[in-house]
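Peer 1:
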Amino acid sequence: MADRPLRIVLSIGSLQVGGTESQLVKLAGRLTARGHEVHVLAVRRGGPYEDDLRALGVPTRIFSYSGLRSRAPSGRRDPRILLAEVRELLAIWRHLRALRPDVCHGFLFTCYTHVLPLALLAGVPARVNGRRGAAPQQPTGLLRAALDFAGHRSSSLYVTNSRALSARLVREEKVPAGRIEVIANGVEPPARVADPARSPARGIVVANLIAYKGHADLIEALALLDAPPPVRLVGEGPERERLTALIEERGLGHVVRLAGGAPDARALLADHQFAVLPSHSEGLPNAVLEAMAAGLPVVATRVGGVPEVLADGVAGLVVPPHDPAALACAIERLAGDPELRRAMGAAGRRAAERLSVDECAARHEAVYRRLLR
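Heads up: the sequence shown begins at 1 in the UniProt record's numbering, then just goes up one per residue.
1) Hey, is the stretch 276 to 287 in contact with the stretch 205 to 224, meaning 3+ C-beta pairs nearer than 8 Å?
2) Quick one: Cα of Gly295 to Cα of Ala347, how far?
3) If you follow the beta strand (DSSP E) that Thr244 is part of, which residue opens it and which one closes it?
4) Does the distance from the C-beta atom of Gly106 to that of Ser11 stay below 8 Å?
5) Please report the straight-line C-alpha distance between Val115 and Ala270, rounded to a whole angstrom.
6) Whose C-alpha, out of Cys360, Ala84, Arg179, Ile81, is nearest the C-alpha of Arg127?
7) Expressed to the nearest angstrom, what Euclidean distance is found between the alpha-carbon atoms of Ile183 and Gly130?
8) Buried or exposed: Ile8, going by 16 or more other Cβ atoms within 10 Å of its Cβ?
9) On a CA-only basis, which of Thr20, Gly336, Leu310, Gly46 is nearest Pro228? Give me that one, please.
10) To the nearest whole angstrom, what separates the beta carbons of Pro324 and Val303, a pair I think is in contact under 8 Å?
11) Hey, Ala352 and Leu310: beta-carbon distance below 8 Å or not?
12) Might you give, ordered along the chain, the residues of its own chain that have their beta carbon closer than 6 Å to the beta carbon of Leu147, omitting 5 neighbours on each side?
13) Would you mind giving the Cβ-Cβ distance between Ala293 and Arg349, rounded to the nearest angstrom? I have them listed as a contact below 8 Å.
14) Quick check: the Cα distance between Pro307 and Val318, rounded to an integer number of angstroms?
15) Leaving out the 5 sequence neighbours to the left and right, which residues in its chain are closer than 8 Å to Met1 when beta-carbon positions are compared?
16) In chain order, what residues of the same chain have a beta carbon less than 8 Å from the beta carbon of Val170, not counting five sequence neighbours either side?
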């Protein structure tokens, strides 16, 4: 077993731009390079990462499952829609039966509550429950309880990307600590390294425009400063209209730029002098790791695994979530001190070098093989 290549299915909701999605693509590529047969299964829809997987030679199957609570455009329940969703679940089960993988690793809510039970029914011997952080806008009540029960019963092992998330699983979902493996995200070396000491300092936020990412807190923080530094927000999402209005209300149109999405936001990091991530909830954010790898000091909130990789006062400044005043103080301190930015940026680069994608893939492979013994 130790030398045999494995057949691995990595499943996720979609292949839209996002932190977990980018980690899945990296993992698929590295596992393929290590000689394994990797397949990707997207439950709801495809996205830009399809091209990356194709370039890596990773077979990818896209389904269109939207959930058993899906409704017609009128808002009413339609039995035909329910039947279509059940058919999609059956198609996923048949796909898994045909592939006969050794491992099915489900990332995020829909996959660990739907795909892993289907993998169990399809006879997949090792089923990994991948927890990555916040799971907003998921079902509640009895349906949520039933889905969680199905996910737990069909999971061979849980893999999280931070100790904080592992502790939350033990505390809130009563998962035995011995069934959880912590594997930090991997980060690629940057094509260019930033000059954080350059003045005037410019900040960057790389995050989808979703409420829990805390962009509104950042805007309120900048409004508290007499001379706020310019900050570019890279990302798209449902909060764009509200954030645009808030920027106008606070008179920050000359300070905050909504730059939209970028195919590779990492390429923009080197044009800035510090990064900010004001999230309310995270697992282990790629945005922090990639900024550190690019040599940027980071202002981030004390959520999830952030304090595990970003040492406060060493590689950046860590502040409480939902606290624009603390965020403003940290941004003002970094923006006004080039030498502090230089020292913190260098410390961040050294820390990020220890979190390679190769090591991340090797640890996943070791977990998969252990489950198959």
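Every residue gets a Cβ at the ideal spot worked out from N, C-alpha and C, and that includes glycine.
Peer 2: On the basis of the data shown:
1) When Cβ pairs closer than 8 Å are counted between the two stretches, the stretch 276 to 287 is seen to touch the stretch 205 to 224, the count reaching three or more.
2) By 1-based counting over the sequence shown, the position of residue 295 is 295. By 1-based counting over the sequence shown, the position of residue 347 is 347. Cα-Cα distance, rounded: 8 Å.
3) Here residue 244 refers to the residue found at position 244 when the sequence shown is read from its first residue. Bounds of any beta strand (DSSP E) do not take in Thr244; it lies within the alpha helix (DSSP H) bounded by 240 to 249.
4) Position 106 of the sequence shown, counted from the first residue, corresponds to residue 106. Position 11 of the sequence shown, counted from the first residue, corresponds to residue 11. Yes, the pair counts as a contact, with Cβ atoms nearer than the cut-off.
5) The residue given as residue 115 occupies position 115 in the sequence shown. The residue given as residue 270 occupies position 270 in the sequence shown. Spanning the two alpha carbons is a distance of roughly 39 Å.
6) Residue mapping note: residue 127 aligns to position 127 of the sequence shown, counting from 1. Closest option to Arg127, Cα to Cα, is Arg179.
7) The count along the sequence shown starts at 1 and reaches residue 183 at position 183. The count along the sequence shown starts at 1 and reaches residue 130 at position 130. In this structure, the straight-line span from the alpha carbon of Ile183 to that of Gly130 is close to 10 Å.
8) Along the sequence shown, read from residue 1 onward, the residue named residue 8 stands at position 8. It counts as buried.
9) Along the sequence shown, one-based indexing puts residue 228 at 228. Pro228 has its Cα closest to that of Gly336, out of Thr20, Gly336, Leu310, Gly46.
10) Counting from one through the sequence shown, the residue named residue 324 turns up at place 324. Counting from one through the sequence shown, the residue named residue 303 turns up at place 303. In this structure, Pro324 and Val303 do not form a Cβ contact; the two beta carbons are roughly 15 Å apart against a cut-off of 8 Å.
11) Residue numbering aside, residue 352 sits at position 352 when the sequence shown is read from its first letter. Residue numbering aside, residue 310 sits at position 310 when the sequence shown is read from its first letter. No, they are not a contact pair.
12) As a first step, residue 147 is located in the sequence shown; it is residue number 147 there, counting from the start. These residues qualify, in order along the chain: Thr113.
13) Working through the sequence shown from its first residue, we reach residue 293 at position 293. Working through the sequence shown from its first residue, we reach residue 349 at position 349. Contact between Ala293 and Arg349 holds, since their C-beta atoms are separated by about 6 Å, short of 8 Å.
14) As a position in the sequence shown, residue 307 is number 307, starting the count at 1. As a position in the sequence shown, residue 318 is number 318, starting the count at 1. Answer to the nearest angstrom: the Cα atoms are 7 Å apart.
15) The sequence position of residue 1 within the sequence shown is 1, counting from 1. Note that Met1 has pLDDT 48, beneath the 50 cutoff, so the model's placement of it is unreliable and the number below is only indicative. Closer than 8 Å at the Cβ level, and outside the excluded window around Met1, lie Arg369, Leu372, Arg373.
16) Within the sequence shown, residue 170 is the residue found at index 170, counting from 1. Hits under 8 Å: Pro176, Ala177, Ile180.
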